[in-house]
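Engineer: Sharing a structure with you now.
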Amino acid sequence: MKNFLELLATNLSIDIDLTVVPAVSGTVEVVVNGQCIYNGTMQHTTDFHYSVPVLEPIEITVFHAGATVLSLCFDSWESRPVHGSDAMGVWRFTTNRLPFYQWRHHATAQGWLLEPTGKVVGN
Amino acid sequence: MSFKSSFCSSPWFHMRINNAGNYEYCRWANKDDRNISANIKFTTPVEYFQQHMAPIRKAMLAGEAVPGCNECALMEQHGKVSGRQKQLLKIGVQTDQFVKTLASSPWVSEFANNHNGQTQQLPQDWQIDLGNYCNSACVFCSPHSSSKLATEFQQLGLIDQAPPGAWCNSPVLVDQFLQTLQQSPHIQYLHFIGGETLITPAFKRILRTLIDTGLHTSITVGFTTNLTVWDDAIVELLCKFKSVHLGLSVECFHDVNSYVRWPSQLTQIQTHVARWVDLAGEHNWLVQLRTTPTALSLAHLLTVYDFAWQHGIAVESCNFLTRPAHLRSSVLPVNYRTKIIADMRQWLDQHPAVGDIVTNIRNPGVVREQIVQDLASYICYLETAPDESDRLPELVAYLKLLESSRGNSILTYLPEYEELFRTAGY
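This is the structure we're talking about:
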């Protein structure tokens, strides 16, 4: 990439890799950004791969009757075990409506994230 | 140089006003012509930022190399977090995922709507140079940053005239500048340097005005002090700010610090460091030890990392010193470097801190990882920087000249370098 214009002309996506380990044999449903990518009986460790456009906020939900999300990688960056929460058979990860990399900036304590502003207050 | 290696976001939210009141596009940029750019006497900060800096922004977007950015490139080459990396991080960009993080930045639309580099943005991150009024004359400093050194240089015949007077000696210009700050609604950070900030009257005045206008509740104020003085009135003002970043300038906790940062005395420096660290702890301020490693201090640099490790304080330097050239660490011959490298490696072995690369060096949660990473950058530099020991006679001549007015001797502080300096003409 030689300049900013080339960046604008590039389609970018985020690779998501998810590993789910069932503790007991049971039904598991995996939903990524509203898209069901798995719904069935899971009997052994299962890997999933999915990708989303780079600016799309990410929501991942795993409905289960006894399973663990062992690994959740975004572009090879491992978010587990710090991120994601499990309650009442629903495991959930969210970027809180932010593009993933903006979310990661905050989630990994990268300091200020300045935003553009162009207004002069007063005279 | 690739776009990934050259692009910097800093010109969209940062600018500097130097001691003479000239504006600069970057606090890290290395420029020879820094006193011929637009001056606050004739140009407003907003005009300079929005219009005069347009060519820099245009060049950045086009992937062109910008003059003055070489010091950041040198830092990145040796694994030290550069100013460019710090400024990119402030818009969410990390160099290990450069393309995707840039595409995800809140600033993409601003970059895409490029109007030949002109912008309607306002500075959010300022470096404010308060003039060269200083009670120290560090051997690596310049008359532009130390009035004491300027006087000495004139007496020694090294310069004909003193540098231009400080812009902030003019109440009118200070008022004009403060009005600009008040009109900028999203200022995040103001960093002050001198001279010595604590003895520069404008520092106190600006802090007071920031408080009077309510800006202290929303901004972070940072400054660097040479640790020779204490001012309760300034401390009282600082306590009112939302956030304070404190830079403590020290080269090493060894007597050679008193030679390098002449005429300060190590015992006084240690007293003030302890006092600032305690105060910072009480108010949750961020503290950093600010070093400028040179050929004279490098052998005792580990004392800084020892202190930093024990107290959980980060270590930061603006760059690898390039000027004056005879004080660069690379002036040390290979056999001297080898011993220092071995000591540094041993220190790293004894102080393990494994983690991801730390770009946000002001994250108190990863201080030890930052310390280790920063020290490793000096090992890399000493292992790979070209041998410049041919500058040793130049260094010795310079030290002898300074010593002729100061009445001291480097050999008192660094007796282990006697043979080295004697063979170079000491």
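Protein chains in written order, with the numbering used here: chain A, 27 to 149; chain B, 8 to 433.
We treat Cβ as the ideally placed atom computed from N, Cα and C, and that holds for glycine.
In this text the structure is predicted, and so the values were computed from the model without any measurement.
Under a three-way DSSP split, which group does Met22(B) fall into?
Structural biologist: Met22(B): strand per DSSP, three-state reduction.
Engineer: Taking Cβ positions only, does Asn233(B) come closer than 9 Å to chain A?
Structural biologist: Cβ-Cβ to chain A under 9 Å: no for Asn233(B).
Engineer: Does the distance from the C-beta atom of Phe30(A) to that of Ala119(B) stay below 9 Å?
Structural biologist: Yes, they are a contact pair.
Engineer: If distances are taken between C-alpha atoms only, which option among His59(B), Asn25(B), Ala173(B) and Phe105(B) comes closest to Ser9(B)?
Structural biologist: The shortest C-alpha separation from Ser9(B) is found at Phe105(B).
Engineer: Going along chain A in order, which residues have a C-beta closer than 9 Å to the C-beta of Ala110(B)?
Structural biologist: Chain A residues near Ala110(B): Leu33, Leu34, Thr36, Leu38, Val80, Leu81, Pro125 and Tyr127.
Engineer: Could you tell me whether any Cβ in chain B is nearer than 9 Å to the Cβ of Asn29(A)?
Structural biologist: So, interface residue.
Engineer: Looking at chain B, is there any beta carbon in it that lies within less than 9 Å of the beta carbon of Leu96(A)?
Structural biologist: Not closer than 9 Å to any Cβ of chain B, the Cβ of Leu96(A) fails to qualify, so no.
Engineer: Rounded to whole angstroms, what's the CA-CA distance from Thr102(B) to Ala80(B)? Just pull it up for me.
Structural biologist: Taking the straight line from one Cα to the other gives about 13 Å.
Engineer: Quick one: list the residues of chain B neighbouring Trp138(A), beta-carbon separation under 7 Å, in chain order.
Structural biologist: By Cβ distance, chain B contributes Lys97 and Gln195.
Engineer: Whether or not the region 367-380 of chain B and the region 324-339 of chain B are in contact is what I'm after, with contact meaning three or more pairs of Cβ atoms, one per stretch, closer than 8 Å; do they touch?
Structural biologist: With a cut-off of 8 Å, the region 367-380 of chain B and the region 324-339 of chain B do not count as touching, because too few Cβ pairs lie within range.
Engineer: Going by alpha carbons, who is nearest to Thr329(B) out of Phe147(B), Gly221(B) and His307(B)?
Structural biologist: The residue with the shortest Cα to Cα distance from Thr329(B) is Phe147(B).
Engineer: List, in order along the chain, the chain B residues whose C-beta lies closer than 7 Å to that of Ala135(A)?
Structural biologist: Result: Asn367, Asn370 and Gly372.
Engineer: Give the DSSP-derived three-state secondary structure of His193(B) in the structure shown.
Structural biologist: Coil, per DSSP.
Engineer: Is the distance from the Cβ of Ile24(B) to the Cβ of Trp114(B) below 9 Å?
Structural biologist: Going by C-beta atoms, Ile24(B) is not nearer than 9 Å to Trp114(B).
Engineer: Between the beta-carbon of Leu253(B) and the beta-carbon of Gln295(B), is there less than 9 Å?
Structural biologist: Yes; because the gap between Cβ atoms is below 9 Å, this pair is in contact.
Engineer: Have a look at Tyr140(B), Thr227(B) and Gly124(B) and flag the residue whose alpha-carbon is nearest the alpha-carbon of Ala61(B).
Structural biologist: Taking only the C-alpha atoms, the option nearest Ala61(B) is Gly124(B).
Engineer: Taking 8 Å as the cut-off, does the region 75-94 of chain B touch the region 155-165 of chain B (at least 3 CB pairs, one atom from each stretch)?
Structural biologist: The region 155-165 of chain B, when compared against the region 75-94 of chain B, does not touch it at the 8 Å Cβ threshold.
Engineer: Taking the alpha-carbon of Thr391(B) as reference, which of Asn46(B), Gly86(B) and Ser16(B) has the nearest alpha-carbon?
Structural biologist: Nearest C-alpha to Thr391(B): Gly86(B).
Engineer: When the cut-off is 9 Å and only beta carbons count, does Pro113(B) lie next to chain A?
Structural biologist: Chain A, which has a Cβ nearer than 9 Å to the Cβ of Pro113(B), makes this yes.
Engineer: Ends of the beta strand (DSSP E) at Asn264(B)?
Structural biologist: Taken as a continuous stretch (DSSP letters only), Asn264(B) belongs to no beta strand (DSSP E), being part of the alpha helix (DSSP H) at Val263 to Val267.
Engineer: Can you tell me which of Arg413(B), His122(B), Cys175(B) and Pro130(B) puts its alpha carbon nearest to the alpha carbon of Asn139(B)?
Structural biologist: Ranking the options by Cα distance to Asn139(B), first place goes to Cys175(B).
Engineer: When you compare the CB of Asn132(B) with every CB in chain A, is at least one pair closer than 9 Å?
Structural biologist: Contrary to the premise, residue 132(B) reads as Asp rather than Asn in this sequence. With 9 Å as the cut-off, Asp132(B) counts as an interface residue toward chain A.
Engineer: Per DSSP, Met68(A) is paired with what?
Structural biologist: Answer by DSSP bridge pairing, in chain order: Gly52(A).
Engineer: Less than 9 Å between the C-beta atoms of Thr227(B) and Ser250(B), yes or no?
Structural biologist: In this structure, Ser250(B) lies closer than 9 Å to Thr227(B) by Cβ.
Engineer: Whole-angstrom Cβ separation of Trp138(A) and Gln195(B), contact assumed at under 8 Å?
Structural biologist: Contact flag correct, Cβ pair sits at about 6 Å.
Engineer: Straight-line CA distance for Lys211(B) to Ile241(B)?
Structural biologist: Each residue's Cα considered, the two are about 6 Å apart.
Engineer: At 3 residues or longer, what runs of the beta strand (DSSP E) sit wholly inside the region 310-397 of chain B?
Structural biologist: Whole beta strand (DSSP E) segments, 3+ residues: 321-323.
Engineer: Are the Cβ atoms of Ala302(B) and Leu255(B) separated by less than 9 Å?
Structural biologist: Contact: no.
Engineer: So which residues of chain A does Val106(B) contact, with C-beta pairs closer than 8 Å?
Structural biologist: Here the neighbours are Met27, Leu33, Thr36 and Leu38.
Engineer: For the region 162-217 of chain B, which segments carrying the alpha helix (DSSP H) assignment without a break, of at least 4 residues, lie completely within its bounds, in sequence order?
Structural biologist: Taking only runs of at least 4 residues, the alpha helix (DSSP H) segments lying wholly in the region 162-217 of chain B are 178-189.
Engineer: Span of the beta strand (DSSP E) holding Arg429(B)?
Structural biologist: It is not in any beta strand (DSSP E) - Arg429(B) instead sits in the alpha helix (DSSP H) that spans Glu425 to Thr430.
Engineer: Starting from the beta carbon of His70(A), find every residue of chain B whose beta carbon is closer than 9 Å, and list them in chain order.
Structural biologist: By Cβ distance, chain B contributes nothing, its closest Cβ being about 32 Å from His70(A), past 9 Å.
Engineer: Relative to chain A, which residues along the region 64-94 of chain B have a C-beta separation below 7 Å, given in chain order?
Structural biologist: Answer in chain order: Leu68, Ala69 and Gly70.
Engineer: Report the residue from Tyr433(B), Tyr343(B) and Gln84(B) whose alpha carbon sits nearest the alpha carbon of Ser384(B).
Structural biologist: Among Tyr433(B), Tyr343(B) and Gln84(B), the Cα nearest to that of Ser384(B) belongs to Gln84(B).
Engineer: Using a Cβ cut-off of 7 Å, pull out every chain A residue sitting near Ala61(B), in sequence order please.
Structural biologist: In chain order: nothing, as chain A lies at least about 15 Å away.
Engineer: Quick one, which of Phe100(A), Val57(A) and Thr71(A) has its alpha-carbon nearest Val116(A)'s?
Structural biologist: Looking at the Cα atoms, Val57(A) is the closest of the given residues.
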